[in-house]
Amino acid sequence: MRPVPAALIFAVGLAAVLPARAHVVYGGTTLRQLTLESDLVVRARIVDPAAELWLEEPLLREAVVSAEVLEILDGTREAEELRFVQHGHGVPLYEKGDEVLLFLQRIERSRELAASGVASRIRFVSVQEAGEQFALDAATRDAFTAAVRAYAALEQLPAEARLDALRRITVELLASREPELAGSALRDLVLARDLPLLTREDLPALEPLLMRAATPIGVRIGLVAELERRGLLAGPPRWAELVRTTSGADRLAAVRAAGAHPSEAVAKELTPLLASEDPLLVAAAAVALGAPGSEAAVAPLAVLLGSPEPRVRAAAIRGLGKVATTGAREALAKAAASHPDASTRRRAGAEVKLLDRSAASGTKVEADVKGDAR
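Per my numbering, numbering through the sequence shown is continuous, rising by one, with the last residue being 461.
Shown next, in the form of structure tokens:
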């Protein structure tokens, strides 16, 4: 199984907020990476998802997938029927008749299989893992095949032209109505770090995506984060806008994301949500409002300590712990001493201890620094 690059850690978090089909795991290998790794990419129909190949030395059975090639998207293949093995800790599970994208390597490139008896009988091994099963239908076929062709064509361009072409593909896929394609392009963007896959020239095409309700909330969140990180837009008003213009599960995701980017504009949108009748939204807003040093958040969070909802009280405690000012500690200490609910008293007391421990540690560090200076 291929290791997941560290830069994908951010993108993996999108799994909780991107509306996905069952066969997609966000944070997996991107469509571009799969295309680059493959010697052959085809659109195919599964003929037999679990044929058996018997090997005599040693005596064992190997599962082989048989597929009818419908279209070659990258590479060359003469025969219409294709057989390949799958290798890894998790592999796609196909059913007879499935129309899918297949990303295949020549088996001699596999360190585990090149010297095995399988290599003398089967030419290809799949590079896809369990979350990379691309099922196609009339609604998705054209978009996915066009994306693969575009990525394959990149390698035929002169080196100096590839970056600009990749930028155009990335912008186009970010705007895709297919969540898988938009999410894959976003992961490529995260992996690229400071490579200029987006520029100010792209903002007119990208900004409508941030407002479009049809854009998956995970893409909206990730795109705001990347545009802010790259210095292409001011983050605070955009995070506030996300909170204000979303609803339902999307708003819950936006609130949680905005909490990682605190500002006065964000706090202004979060505070009214504390009066919502949805305890999940109130709890999320309470945690998000708890920005370090935000004295203005203390009073509304302290009020939530009297909520009849245990999850709301717990979120208020967490928010106050994040604020970590003297006023926040006092509110927590009061709850620890006199709240009618025993669990809330314990939680508040534990948070007070954490704050005191952190304060004592900070004092000690400061004293050590002064001692070193002397």
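The beta-carbon is built from N, C-alpha and C at its ideal position, and this holds for glycine as well.
LEU376 is bridged by DSSP to nothing; it lacks a bridge partner. Under the 8 Å Cβ criterion, the region 183–202 does not count as touching the region 239–248, having fewer than three qualifying pairs. Here the alpha carbons of ARG317 and GLU288 stand approximately 13 Å from one another.
A residue is called buried once 16 or more other Cβ atoms fall within 10 Å of its Cβ, and GLY184, having fewer, is exposed. Contact annotation: GLY414 and VAL385 have beta-carbon atoms nearer than 8 Å. By DSSP's assignment, PHE171 forms a beta bridge with VAL152 and PHE211. Pairing VAL353 with TRP326 gives a Cβ-Cβ distance under 8 Å. Taken in chain order, the complete alpha helix (DSSP H) segments of 4 residues or longer contained in the region 210–280 are 228–241, 246–261 and 266–278. Taking all protein chains in view, the Cβ of LEU391 is crowded by 16 or more other Cβ atoms within 10 Å, so the residue is classified as buried.
The C-beta distance from GLU219 to LEU368 rounds to 34 Å, too long to meet the 8 Å contact threshold.
Taken through DSSP and simplified to helix, strand or coil, LEU419 comes out as helix. Comparing alpha carbon positions, the residue from ASP443, LEU360, THR116 and PHE171 closest to PRO136 is PHE171. Per DSSP, the beta-bridge partners of GLU139 are ALA150. Sequence-distant Cβ neighbours of ARG119 in its own chain, meaning closer than 6 Å and more than five residues away, are TYR238 and ASP275.
By the CB criterion at 8 Å, VAL410 and PRO359 fall outside the cutoff.
Around LEU297, the same chain offers ARG307, LEU310, VAL311, ARG325, GLU328 and LEU329 as residues with beta carbons nearer than 8 Å, after the five sequence neighbours per side are excluded. The beta-bridge partner set that DSSP reports for VAL187 consists of ALA131 and ALA222. ARG338 has its alpha-carbon roughly 8 Å from the corresponding atom of THR332. Annotated three-state conformation of ASP289 is helix, per DSSP. It is roughly 37 Å from the alpha-carbon of ALA423 to the alpha-carbon of GLY322. Comparing alpha carbon positions, the residue from SER430, ALA420 and GLU313 closest to LEU442 is ALA420. Under the three-state reduction of DSSP, GLU124 is assigned to helix.
Going by C-alpha positions, GLU313 is about 38 Å away from GLU182. Per DSSP, the continuous alpha helix (DSSP H) segment holding ILE304 begins and ends at 304–316.
One alpha carbon belongs to GLU351, the other to ALA234, and they sit about 40 Å apart.
With a beta-carbon spacing of about 17 Å, LEU123 and THR232 fall beyond the 8 Å limit used to define contacts. For VAL212, the closest of ALA340, ASP229, PRO179 and ARG193 by C-alpha to C-alpha distance is ARG193.
Contact between ALA217 and PRO245 does not hold, since their C-beta atoms are separated by about 37 Å, which reaches or exceeds 8 Å.
In this structure, the straight-line span from the alpha carbon of ALA230 to that of GLU265 is close to 8 Å. In this chain, the alpha helix (DSSP H) harbouring ILE404 covers 397–410.
For ASP337, the secondary structure class from DSSP, reduced to helix, strand or coil, is helix. Using a 10 angstroms sphere on the CB of LEU261, the tally of other CB atoms reaches 16 or more, which defines it as buried.
In the DSSP secondary-structure assignment, GLU158 is bridged to ARG130. GLU168 is the residue among GLU149, ALA150, VAL151 and GLU168 whose C-alpha sits nearest the C-alpha of GLU158.
Taking the CA atoms as reference points, GLN243 sits about 26 Å from LEU223.
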